[in-house]
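Top to bottom, those sequences are chains A and B. Residues in the first sequence are numbered from 1 upward in steps of one, following the UniProt record's numbering. Residues in the second sequence are numbered from 1 upward in steps of one, following the UniProt record's numbering. For each residue, glycine too, the CB sits at the ideal point set by N, CA and C.
There are 2 protein chains.
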Amino acid sequence: MQTLVKVVVDAMGGDNAPAEVVKGAVDAVNARKDIKVILTGQKPLVERELQKYTFPKEQVELVHASEVIEMAEPPVNAVRTKRDSSLVVGMNLVRRGEADALVSAGSTGAVLVGGQVLVGRLKGVERPPLAPLIPTKNGVSLLVDCGANVDARPSHLLQFAKMGSIYMEHVVGIKNPRVGIVNIGAEEEKGNALVKETFPLLKECGDINFIGSVEARDIPSGVCDVIVCEAFVGNVILKLYEGVASTLIGKVKEGLMSDLRSKVGALLIKPALKTTLKSFDSSKYGGAPLLGLKGLVVKTHGSSKAGEIKNSIIQCVQFKQQEINEKIKERI
Amino acid sequence: MQTLVKVVVDAMGGDNAPAEVVKGAVDAVNARKDIKVILTGQKPLVERELQKYTFPKEQVELVHASEVIEMAEPPVNAVRTKRDSSLVVGMNLVRRGEADALVSAGSTGAVLVGGQVLVGRLKGVERPPLAPLIPTKNGVSLLVDCGANVDARPSHLLQFAKMGSIYMEHVVGIKNPRVGIVNIGAEEEKGNALVKETFPLLKECGDINFIGSVEARDIPSGVCDVIVCEAFVGNVILKLYEGVASTLIGKVKEGLMSDLRSKVGALLIKPALKTTLKSFDSSKYGGAPLLGLKGLVVKTHGSSKAGEIKNSIIQCVQFKQQEINEKIKERI
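Shown next as structure tokens:
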């Protein structure tokens, strides 16, 4: 018999909690026998949602947590004071080894703080990065770090490259993933102080497939699989990706509605366009893992619907079964 | 009689030089009586291009320069050793006051180095930033700095904000332009060390209309007019803008060609879509000024066609007539 992977799901986190979160959890256990979901949150609210669905009861557990961490709360304070929040209760389950992983669509800051403070780092890991997958022309790339550690040092970036490579190879399934460092030019002598110091470390590292500097312009075309950068730059890349895409799609739609001829054309192209744009979407891979923790913490979009929650839960199974943390411990 | 504004145009710079550059220069003098263009470059090549057009001879001068700085040359070395290149000869004309401004589509690095070393900084300006206009939902925003100075200090960013505001108000015509600093969250306590130190300086500065932190996600919707950031981040923003837009447009086109129904629809929407996407393009405003120099240096895209060269030349007239450098000297 396969071992069950136990995934805590923060039932109160995110804009669509608890309804979409609970639905995602139910969909996950209905899809796979090897998952046990532990929902943390306010019992009456979560139970009311659970009652809407049919699912194998033994695969879902509910742990009551009376408090909720709001999106706008200062993270450190929230994690410290709201000891009975759905997030903190969930993190503690992972810390005590009663669960393998946690998925939350709640406050990014609180997830990052909780991951480091409550779950804790693997031995040897200096800074655990947040590593979302971003869509590219023909697939996805992993962006590390993307918000966990501002003002990082070269040794941190080297660890990001190693952990990112392990994740892409064993969770996403890209053999010998290409690692690039975000830079303002392709030449080795270009860059700011951090990049110039990090470049030789990456170049000398035998564990990774380093291909050199990557300009931001080339990221969307999928020029590498693991994109290494410090958190401020990573955050700008992630957010600008969303911003440019949504403004541009808005512009296209505006053009389609500008006259009758275009409106007729719009009706004809709608199905194909929808399929195409869907392929430029990374949510089917799940959320962003916080790498290098004792256990796995996955942050999904605040606006996650059931589908993304379900995919994030399944991602945890892959992470556990592929023994990613063991691989990280060996290679860090 | 109006005073002539003298603009040096680097006839050998860029992917489409000298043909498109010379055409742009001719178009500029045919459009306006108040411009004199000084073309620098290899005389036989430039003359051959000039012979194709009719234009007022007294508005165009040709200054021979035997050398050309290639795109891939190390900038500092190129500017130092190629004393008779079209760029260096042009920069020296500005330095000696024989011209008011210079436009080049050549190597960005060489233009930045030449601007600082040959043309020189205005008194009080610590670092001259490169400040391109980027398209937004309903207009443009100025991105300062975008590649000139990596590892900047808070005092530099304060000057970028001041110079950028003057430029947006008097060249682009935005009254009381809103200034934002790129950050990884909207709250004042967020950010890396540089942003945290710069924030209070911007907040206390009476000369600018500071609106606080701006997340990269909101840049494309035009949330502020002057976007302040250090050069590495600015470069990532500029390049990623281009990368995401081109990948996404490629995806849309791919969708339009996927079946017969969509192909018919594509024919119908083509004109409207073209107009819409054209509105998401900032080249009509000219190139990116290097602010804070004794004289004006404008860098246009390496791939510039005649239209962008022409617009960049006209932008120099506006810059001169609005006495931007005098305003910068007063307020820095």
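- At a cut-off of 3 residues, the continuous stretches assigned as beta strand (DSSP E) that sit fully inside the stretch 231 to 297 of chain A are 288 to 290.
- Closer than 8 Å to the CB of A/Asn235 there is at least one CB belonging to chain B.
- Taking C-beta separations shorter than 7 Å and ignoring five residues to either side along the sequence, the partners of A/Lys203 in its chain run Phe210, following chain order.
- At a beta-carbon threshold of 8 Å, the residues of chain B lying near A/Glu242 are Arg217, ordered along the chain.
- CA-CA distance, B/Lys175 to A/Leu133, rounds to 40 Å.
- Residue B/Phe160 holds the alpha-carbon nearest to the alpha-carbon of B/Thr198 among B/Phe160, B/Arg83, B/Ile69.
- When C-beta distances to chain A are compared with 7 Å, the residues of the stretch 129 to 140 of chain B below that value are Lys137, in chain order.
- Apart from sequence neighbours up to five positions away, the residues of its chain that approach A/Pro128 with a beta-carbon distance below 7 Å are Gly115, Gln116, Arg121, Ala148, Leu290, Leu291, Gly292, Leu293, ordered along the chain.
- Interface criterion not met: the Cβ of B/Arg127 is under 8 Å from no Cβ in chain A.
- At a beta-carbon threshold of 9 Å, the residues of chain A lying near B/Arg261 are Leu268, Ile269, Pro271, Ala272, ordered along the chain.
- Shortest Cα-Cα distance from B/Asn30 to any of B/Asp145, B/Pro220, B/Phe55 involves B/Phe55.
- Bounds of any beta strand (DSSP E) do not take in B/Leu122, whose DSSP letter is neither H nor E.
- Residues of the same chain with a CB within less than 6 Å of the CB of A/Lys36, apart from the 5 flanking positions on each side, are Leu4, Lys6, Gln59 in chain order.
- Pairing A/Met12 with A/Ile313, the inter-Cα distance amounts to about 16 Å.
- Note on A/Pro220: 16 or more other CB atoms within 10 angstroms of its CB, so buried under the neighbour-count rule.
- Interface with chain B (8 Å Cβ-Cβ cutoff): A/Glu254 is included.
- By the Cβ rule, the stretch 262 to 271 of chain B counts as touching the stretch 251 to 266 of chain A, because three or more pairs are nearer than 8 Å.
- When C-beta atoms of the stretch 62 to 70 of chain B are compared with those of the stretch 98 to 117 of chain B, three or more pairs fall below 8 Å, so the two segments count as touching.
- Here B/Phe210 is bridged, per DSSP, to B/Val179.
- Assignment of alpha helix (DSSP H) within the stretch 62 to 93 of chain A, counting only whole runs of 4 or more residues, yields 75 to 81 in chain order.
- Between the C-alpha atoms of B/Lys310 and B/Arg80 there is a straight-line separation of about 29 Å.
- Nearest in C-alpha terms to B/Leu50, of all of B/Asp27, B/Ala65, B/Lys33, B/Arg32, is B/Asp27.
- Apart from sequence neighbours up to five positions away, the residues of its chain that approach A/Lys284 with a beta-carbon distance below 7 Å are Asn311, ordered along the chain.
- DSSP places B/Lys6 in the uninterrupted beta strand (DSSP E) bounded by 5 to 10.
- Collapsing the DSSP output to three states places B/Thr198 in a helix.
- By the CB criterion at 8 Å, B/Gly191 and B/Gly212 fall outside the cutoff.
- DSSP, read as helix, strand or coil, puts B/Ala306 in helix.
- Between the stretch 243 to 259 of chain A and the stretch 228 to 235 of chain B there are fewer than three C-beta pairs closer than 8 Å, too few to call the two in contact.
- Under DSSP, the beta-bridge partners assigned to B/Ile227 are B/Leu143, B/Gly180.
- Against chain A, the beta carbon of B/Ser165 has no neighbour under 8 Å; the closest one sits roughly 22 Å away.
- Taking the Cβ atoms as the reference, A/Val76 lies roughly 5 Å from A/Val113, within the contact range of under 8 Å.
- Contact between A/Val226 and A/Gly164 is confirmed by a C-beta separation of about 4 Å, below the 8 Å threshold.
- Contact between A/Val182 and A/Val140 is absent: CB atoms are separated by about 16 Å, not below the 8 Å threshold.
- Going by DSSP, B/Leu39 is part of the beta strand (DSSP E) stretching over 35 to 41.
- A distance below 8 Å separates the beta carbons of A/Val8 and A/Ala99.
- Identification of chain A residues near B/Ala245 by a Cβ-Cβ cut-off of 8 Å yields Val244, Leu248, ordered along the chain.
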